[in-house]
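Since the structure comes first, as structure tokens, the remarks are kept for the end.
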Amino acid sequence: MALNIEPSSASFPASGGNGIQQDNFEEISLQALKTTTCTIMSTVDTRHAFKVKSSNNDHYRVRPVYGFVAAKGTHKLEVMRLAGPPKEDKLVVQWAEVPEDEADAQAPFKAGAQSGEVILPLKAT
1 MALNIEPSSA SFPASGGNGI QQDNFEEISL QALKTTTCTI MSTVDTRHAF
51 KVKSSNNDHY RVRPVYGFVA AKGTHKLEVM RLAGPPKEDK LVVQWAEVPE
101 DEADAQAPFK AGAQSGEVIL PLKAT
């Protein structure tokens, strides 16, 4: 597998908590509960673009949604859970190999170049 994600799963509280605001996230007052940082890691000698998809866009925010991981490099991914009912969900991190001069992380996915994916299970209790 070209990319892995650590930790391999994430748990969040489902209700209660103080509101927070993260840079570049939309402002969320008195709903945001917990932010977890995951690391996308490359295991190969080529650069990859990634795209993150969520099974529950009502209760999760992810930053960034698109990005690049250098050969044998890492990239941080922030996952925020908003207040809502307990539920199991998932994030799917899709990837595509890209040349070093590629500047648009969305371009390979618009062109249908996805070459793999890894799933991050999410659990709100």
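In full-length UniProt numbering, the protein residues as written are 1 to 125.
Glycine included, every Cβ here is placed at the ideal spot set by N, Cα and C.
None of the values given here were measured: they were computed from a predicted structure.
Item                                                                                        : Value
Pairwise C-alpha distance: T36 and T99                                                      : Reading off the sequence shown, one finds Pro at residue 99, where the question assumed Thr. Whole-angstrom Cα-Cα distance: 30 Å.
Simplified DSSP assignment, three categories, for P121                                      : strand
Coil, strand or helix - K110 by DSSP                                                        : helix
H75 versus F50 - alpha carbon distance                                                      : 10 Å
Cα-Cα separation between G88 and M41, rounded to whole angstroms                            : The residue you asked about is not Gly; residue 88 is Glu in the sequence shown. Approximately 24 Å, taken between the alpha carbons.
Beta-carbon proximity check, L3 vs G116, cutoff 9 Å                                         : yes
Distance, P13 Cα to R47 Cα                                                                  : 35 Å
Three-way DSSP call (helix, strand, coil) for K72 in this model                             : coil
Cβ-based neighbour list, S9, same chain, cut-off 6 Å, excluding 5 preceding and 5 following : P121
Beta-carbon gap between S11 and T125 smaller than 9 Å                                       : yes
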